[in-house]
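Letter by letter, the sequence shown follows residues 1473 to 1684 of my numbering. Take a look at the structure set out below.
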Amino acid sequence: MSNIKAIIFDFDGVFVDSLSCIHQAYNYLFDKTRRPRIESLEEFKEFMTIDFDETYRKLGIITEEEKTEAKRYVQEYLDKNYLETPVFQEMVDFTKTLPHKMGIASSGKEYLIEIKLRRMDLLYKMFSIIGSTKVSKLKPHPESIIKCSKNLGVSLDNILFVGDTYVDMRAGKAANIAMTIGVDWGFEPAEKLWSENPDGIISKPIELLNYL
């Protein structure tokens, strides 16, 4: 019998196809700063990394002033368009069937996550939402997962965490939870997730049942 009593999810890349929105946010940045656009999503995936400083370095954005300007343009686009980002409906529908306590540990903004969850008719399933404003350190630091676990009233050794990036995998491992599971439909490919030694990687939401 499984010892998993609660599931904590990352949000972007797990429930929401945020990569396509980030792709367009960077093209908005390129337009504003007169750099060539990256039209292909596949090409953008190879270019983009979770480490934004590394991405900026690839763009030749070096000074703090340039980084501040870049962040402003990207955030400007996201603030206007994020809520229209498409969702992974299969994941949404599957999550509604789960009987476990559930929560969100994300580096995103709580109010945006809550709006998206409400639109998905999934907000009622999430008993704790921890975003960037509720922690002092973002993932890969485990603070968001630990805080969400406390809010759920479930010990870390009974928690399963689901994420889509290497920083999610590291955060789960650092939190010393029961299991850290990756999804291959999000921001990063399965091979990059496997390099962080997760407890498993799923290609379809229903495969999560193998770990519950």
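Even for Gly, the Cβ is constructed at its ideal location relative to N, Cα and C.
Bridge partners - residue i, DSSP secondary structure assignment
| i | result |
| --- | --- |
| S1600 | G1575 |
| M1592 | Answer is none; M1592 lacks a bridge partner. |
| V1559 | V1488 |
| A1478 | K1573 and I1631 |
| V1655 | I1674 |
Where residue i falls, given that 16 or more other Cβ within 10 Å makes a residue buried
| i | result |
| --- | --- |
| G1532 | exposed |
| K1676 | exposed |
| Y1583 | exposed |
| T1569 | exposed |
| G1644 | buried |
| E1636 | For the sequence presented, residue 1636 should be read as Asp rather than Glu. Classification for D1636: buried. |
| K1573 | buried |
| P1614 | buried |
| S1667 | exposed |
| I1601 | buried |
| S1432 | Residue 1432 lies beyond the range of the chain shown here (1473 to 1684); nothing can be said about it. |
| T1540 | exposed |
| S1621 | buried |
Beta-carbon proximity check, residue i vs residue j, cutoff 8 Å
| i | j | result |
| --- | --- | --- |
| L1595 | S1604 | no |
| V1655 | P1612 | no |
| D1482 | S1490 | no |
| Y1498 | V1564 | no |
| M1632 | Y1683 | Just to set this straight, residue 1632 is Leu in the shown sequence, not Met. Going by C-beta atoms, L1632 is nearer than 8 Å to Y1683. |
| M1641 | P1661 | no |
| I1673 | L1665 | yes |
| I1617 | I1480 | yes |
| G1625 | M1598 | no |
| P1508 | F1516 | no |
| F1566 | I1678 | yes |
| F1560 | F1659 | no |
| I1587 | S1578 | no |
(request) Check whether the stretch 1475–1495 touches the stretch 1643–1661, taking contact to mean three or more Cβ pairs, one atom from each stretch, closer than 8 Å. (result) yes
(request) Check whether the stretch 1549–1566 touches the stretch 1584–1592, taking contact to mean three or more Cβ pairs, one atom from each stretch, closer than 8 Å. (result) yes
(message) List, from N- to C-terminal side, the alpha helix (DSSP H) runs of 4 residues or more that fit wholly inside the stretch 1511–1550.
(response) 1513–1519 and 1524–1531
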